Amino acid sequence: MFFFGITVQHPTLLHMFLQQNFCLVVPSHVRVKLPQVEPEPTNDVVRATDRQSKTKMKHYAEKKHSFKQSPIRVGDDSVLVRQNKINKLFPPYDPKPFKFISDKGSLITARA
728 MFFFGITVQH
738 PTLLHMFLQQ
748 NFCLVVPSHV
758 RVKLPQVEPE
768 PTNDVVRATD
778 RQSKTKMKHY
788 AEKKHSFKQS
798 PIRVGDDSVL
808 VRQNKINKLF
818 PPYDPKPFKF
828 ISDKGSLITA
838 RA
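Residue numbers (our numbering): 728 to 839.
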């Protein structure tokens, strides 16, 4: 991303860059001799922008790769497991069904 002669790798980093370096160009506070408490910098705006960008990327990837939810449900369904083919007489799948226990993405855990 290009912004007033500044090249930033990611849109969420632009806000952090400006927050850190904009005071070098334009001072945002006036110095006084009284002691003051410095406010802690909050990254709420950066986090919100990052969350929004990640959501947008996720929806785009799901749309592009024709993402669809698996119809297999935990505990209710049973699955057949592919087994190594030793010779022509062995079936490609184990004949006894496995119980679907859990999933994490495309990783499925099943138990006999």
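Glycine is no exception: its CB is placed at the ideal position from the N, C-alpha and C atoms. Remember, it's a predicted structure, so these values are computed and weren't measured experimentally.
- In the DSSP assignment, the residues bridged to Leu834 are Lys831.
- Per DSSP, the unbroken alpha helix (DSSP H) holding His786 starts and ends at 771 to 791.
- Here the C-alpha atom of Lys760 lies approximately 28 Å from the C-alpha atom of Asn770.
- In this structure, the straight-line span from the alpha carbon of Val772 to that of Thr782 is close to 15 Å.
- In the structure shown, Arg800 falls within a coil segment according to DSSP collapsed to helix, strand and coil.
- For Phe825, the beta-bridge partners assigned by DSSP are Val806.
- Taking the Cα of Ser805 as reference, the smallest distance to any Cα among Asn811, Ala788, Ser829 is reached at Ser829.
- In summary, Phe794 is exposed, with fewer than 16 beta-carbon neighbours lying within 10 Å of its beta-carbon over all protein chains present.
- For the set Lys826, His792, Asn811, the Cα lying nearest the Cα of Tyr820 is the one of Asn811.
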